[in-house]
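Asker:
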Amino acid sequence: MAFISSGYDPKEPMKDRITDIGPRDYEEFYPPVIKKNKGKWLYHEILEPGVLVHVSETGDEVYTVRAGGARLMSVSHIREICDIAEKYCDGHVRFTTRNNIEFMVDSKDKVEPLKKDLLSRKQPGGCYKFPVGGTGAGITNIVHTQGWIHCHTPATDASGPVKAAMDVLFDDFTDMRLPAKLRVSLACCLNMCGAVHCSDIAILGYHRKPPMLDHEHIDKACEIPLAIAACPTAAIKPAKIESEGGAKVSSVAVNNSRCMFCGNCYTMCPGMPLADDVGDGIVLMAGGKVSNRISSPKFSKVVVAFIPNEAPRWPKTTETIKRMVEAYAKDARKYERLGEWAERIGWERFFEKCELEFTHHLIDDFRDPAYFTWRQTTNFKF
Amino acid sequence: MAKHKTPLLDQLETGPWPSFVTDIKREAESRAKNEKGIDFQMPQDVCEDILGVLELSFKHGRTHWKHGGIVGVFGYGGGVIGRYCDQPEMFPGVAHFHTLRVNQPAGKFYKTDFLRQLCDLWELRGSGITNMHGSTGDIILLGTSTPQLEEIFYELTHNMNQDLGGSGSNLRTPSDCIGAARCEYSCYDTQALCTHLTKEYQDELHRPAFPYKFKFKFDGCPNCCVASIARADLSFIGTWKDDIRIDQEAVQAYIGGELAPNAGDHAGRDWGPFDIQKEVIGLCPTECMWMEDNKLMIEDKECTRCMHCINVMPRALRIGEDRGLSMLIGAKAPILDGAQMASLLVPFVKAEEPYDEIKEVIESVWDWWMEEGKNRERVGELIKRQGFQRLLEVTNIKPMPQHVQEPRSNPYIFWKEDEVEGGFERDINEFRKHHQR
């Protein structure tokens, strides 16, 4: 492998340097029908799962075919997306916030061939490359984080559980039978790069063991005061530790009973790892939403305190999610989001209908907001 | 013959959903064949080692990635995340495996010539594996070595007119919903505002000077498709002040069943005939709708613009014409003190270039947060610590009932001395003349 220079000269880093130019201008990338009708759209309709039409006051129409996909994507796969976009969409394509791929065409007769082509492309193991769906009252792509493919703090994988969950939930990706949309999200640790805390169903990686202390290295690798200040429960204090050679080293001590396993100390100090094959696993949360429709946005609530990491397919996690989805599909009223349904029937009923065990872990004991989640009324259901 | 055996990952190659494992194997194969004769700048078997290290994590139940070191491009403090493998001898191809965040175009619209250029660059100088896209919105290029960083940056800026995104304690790459480009609900041009502010605040984006991360997200309407209300330090949510526009003929068409409610959202089940009373009027959270002489009436003054009726009958009801946006502040995920939803700060502002009113609010919030915020304290946490009143003071925004869900239920008001007649200084001896000890 010979080093290939881009033209950058390390001896003169400022020579011809271009900085602070920001992203490309979105207008360059708009399909002509979008550019022409921007701000003029009258209404839209979902013609079938994964296919939308938007109609403009100019009379123009744009048809969108939405395909799911793993957000972890190779350049070979992106080039295949480009091939399709060039064949059917004059080289235009877009991605959605939830990692779906949208192919847009300007007339209805172009939809069927495009859809057929997308569904004909399969991977050697039989998986769809471009499943069409993810619209309306169903389940669209799971937004997620990096997990074991690239992150240093995860308590579970991301792409693996997402693939496993989407396989189990696939029928609802291609159908619209639910009372309302149902958003599933995954974050592989509490840092929540994926901000899953307002999802109908959230899959969250969580540690359950306090950090190990690499005393010999903590002072070398970390700013100890920063590690101490990083702890939200003040469980970490400075400590002098006698090393094997008898010398005293500066390190920290952790009050394990105060640890809430957030991993913030590890973020600040690599000498305090938390990861553990048995300790780490999954928390399931439910009932959140971000839309302001009918009721205010809501946080997801913890409904299962812990499920072990069961690579490669996380069966208990996916079964539990499927059970919640089915209970919701059967019992909720039209338009009711999962959280609205749980609030209407009462959480005691939610646990019953979803066949979930209620344990002490699910009662909030973290600071002031906890009190507001206890039941301060005689109104409850037996 | 694969370099590493991956019996666990192989089990993710079946089922209907696209398999990332198969996709990485495809890239591994493409690099092994190297039909184009590329002089790869990362090891040719890098994708094999990605699979190998991931298989090991599946076996161990633990990650094998270490903290990032300080790597980046000259003059920027963000945009690159350092990443090293903790088993470099077993997986030399991914021993150094840094991430680049590339600032996505607003709305995530692309032309294939741009994507192909990006693919060529990343095949040559990186692992060939990406995220389209990361959670914040960037194009994520996963895995390259330190010497390649400047080369990639040079090619991005010189050949593609394209910059990096944010990471660390700076303005993170702003992102938006599809907005007016293809959505009739959008109350402002999300792409225009997102791009304008991204370009305006390039210094804040590339050179970390904040206590912690700061996110902007732009939702065209209260449906909040980019979840700004849950995850942005400042969220910009489209809204309107005047009346919902009603097409009474279309209302009748929904009632008569000629138009499918919800734009066909619920077509997968037979929910029975559409019932406007039950499905729209009865579910209106402010009870501001009724039928009169076969016409749908709305008391718009009482409407809180939740979007339900518009979502159900998009051909009959349209957003108003006096449009702008609401600014909400302080959302964040749970680290550290629990999750926070964004709180309403500016009920209504027009979203028109040059967006001066919006920038005034942004900059006054930043001045305060940079002065008072502690290390790794999000602005939402600072508001909790110093009070919403303090936020109103620093932004010079008048308190109004719209700012609260309900007024406080305790009377522990921190009266300021200048609010109380005569001030706080009093003469105890004068008091004692009338009140014995």
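Same order as they appear, the protein sequences are chains H and B. With positions in the first sequence counted from 1, the corresponding number in my numbering is that position plus 724. With positions in the second sequence counted from 1, the corresponding number in my numbering is that position plus 13. The beta carbon of each residue, even a glycine, is placed where N, CA and C say it ideally should be.
For W303 of chain B, would you say it is in contact with chain H, using Cβ-to-Cβ distances shorter than 8 Å as the test?
Answerer: no
Asker: Note down the Cα distance separating G849 of chain H from E164 of chain B, rounded to an integer number of angstroms.
Answerer: 37 Å
Asker: State the beta-bridge partners of G251 of chain B as determined by DSSP.
Answerer: In the DSSP output, where bridge partners are listed per residue, G251 of chain B has B:L338.
Asker: Looking at C-alpha atoms only, which residue of H:K1058, H:T1102, H:H1084 and H:E1050 is the closest neighbour of K1077 of chain H?
Answerer: It is H:E1050 whose Cα lies nearest to the Cα of K1077 of chain H.
Asker: In the DSSP output, which residue or residues are listed as bridge partners for R790 of chain H?
Answerer: H:E826
Asker: Counting only the same chain and skipping the five closest in sequence on each side, list residues whose C-beta sits under 6 Å from that of P1032 of chain H.
Answerer: G1005
Asker: Taking all protein chains shown into account, do 16 or more other C-beta atoms lie within 10 angstroms of the C-beta of S967 of chain H, making it buried, or fewer, making it exposed?
Answerer: exposed
Asker: DSSP three-state label for I728 of chain H, please.
Answerer: The three-state reading of DSSP puts I728 of chain H in coil, since its state is none of H, G, I, E or B.
Asker: Under 7 Å, CB to CB, which of the residues in the region 1049-1070 of chain H have a partner in chain B?
Answerer: Against chain B - using a Cβ distance shorter than 7 Å - the residues of the region 1049-1070 of chain H are K1058 and Y1059.
Asker: Could you give the first and the last residue of the continuous beta strand (DSSP E) run that contains L776 of chain H?
Answerer: V775 to S780
Asker: With a threshold of 8 Å between beta carbons, is W765 of chain H in contact with chain B?
Answerer: yes
Asker: Kindly list, in the order they appear in chain B, the residues whose Cβ is closer than 7 Å to that of I1018 of chain H.
Answerer: L296, P298, C319 and H321
Asker: What number of angstroms, rounded off, separates the C-alpha of A1066 of chain H from the C-alpha of G969 of chain H?
Answerer: 59 Å
Asker: In this structure, does DSSP put F231 of chain B in helix, strand or coil?
Answerer: strand
Asker: Near W303 of chain B, what residues of its chain come up, given a Cβ to Cβ distance below 7 Å and the 5 sequence neighbours on each side ignored?
Answerer: I294 and M310
Asker: What does the alpha-carbon distance come out to for the pair Q267 of chain B and P274 of chain B?
Answerer: Sequence check: residue 267 of chain B is Tyr here, not Gln. Those two C-alpha atoms are separated by around 7 Å.
Asker: State the start and end residues of the unbroken beta strand (DSSP E) segment that holds K1040 of chain H.
Answerer: For K1040 of chain H, there is no enclosing beta strand (DSSP E); the enclosing alpha helix (DSSP H) has its first and last residue at P1039 to D1055.
Asker: Return the Cβ separation of D232 of chain B and C238 of chain B in integer angstroms, given the expectation that the two are a contact with Cβ distance under 8 Å.
Answerer: 6 Å
Asker: At the 8 Å Cβ level, is H109 of chain B part of the contact set with chain H, yes or no?
Answerer: no
Asker: Would you list the one or two residues that DSSP bridges to L184 of chain B?
Answerer: B:F227
Asker: Which residue spans inside the region 57-133 of chain B form an unbroken beta strand (DSSP E) run of at least 3?
Answerer: 111-115 and 122-124
Asker: List, in order along the chain, the chain B residues whose C-beta lies closer than 9 Å to that of H941 of chain H?
Answerer: For H941 of chain H, none of the residues of chain B pass the 9 Å Cβ criterion, the least Cβ distance being about 12 Å.
Asker: By Cβ distance below 8 Å, which residues in the same chain neighbour D377 of chain B in space, the five residues on each side in sequence not counted?
Answerer: Residue 377 of chain B is actually Ser in this sequence, not Asp. Excluding positions up to five away in sequence, the list reads V407, T408 and N409.
Asker: Given a cut-off of 8 Å on the beta-carbon distance, is the pair G156 of chain B and V107 of chain B in contact?
Answerer: yes
Asker: Alpha helix (DSSP H) containing T408 of chain B: first to last residue?
Answerer: Taken as a continuous stretch (DSSP letters only), the alpha helix (DSSP H) holding T408 of chain B covers F401 to T408.
Asker: Let me check one thing: in DSSP terms, what residues is I152 of chain B bridge-paired to?
Answerer: Note: I152 of chain B sits in a beta bridge opposite B:V115 and B:M145.
Asker: Can you tell me whether DSSP reads P878 of chain H as helix, strand or coil?
Answerer: coil
Asker: Mapping the DSSP letters down to three states, classify S43 of chain B as helix, strand or coil.
Answerer: helix
Asker: State the Cα-Cα distance for the pair K954 of chain H and K905 of chain H, rounded to the nearest angstrom.
Answerer: Lys is not the amino acid found at residue 954 of chain H; the sequence shown has Ala there. Roughly 38 Å separates the two Cα atoms.
Asker: For my contact list, V867 of chain H and R822 of chain H are in at a C-beta cut-off of 8 Å; report their separation, rounded to the angstrom.
Answerer: 5 Å
Asker: For E785 of chain H, which beta-bridge partners are listed by DSSP?
Answerer: In DSSP, E785 of chain H forms a bridge with H:V779.
Asker: Output yes if chain H places a C-beta closer than 8 Å to the C-beta of H146 of chain B; else output no.
Answerer: yes
Asker: Check whether the Cβ of V799 of chain H lies closer than 8 Å to any Cβ atom in chain B.
Answerer: yes
Asker: Note down the Cα distance separating Y1052 of chain H from T1044 of chain H, rounded to an integer number of angstroms.
Answerer: 12 Å
Asker: Going by CA-CA distance only, name the one from B:E366, B:C301, B:G270 and B:C297 that's closest to G285 of chain B.
Answerer: The residue from B:E366, B:C301, B:G270 and B:C297 with its alpha-carbon nearest to that of G285 of chain B is B:G270.
Asker: Going along chain H in order, which residues have a C-beta closer than 8 Å to the C-beta of W135 of chain B?
Answerer: V799
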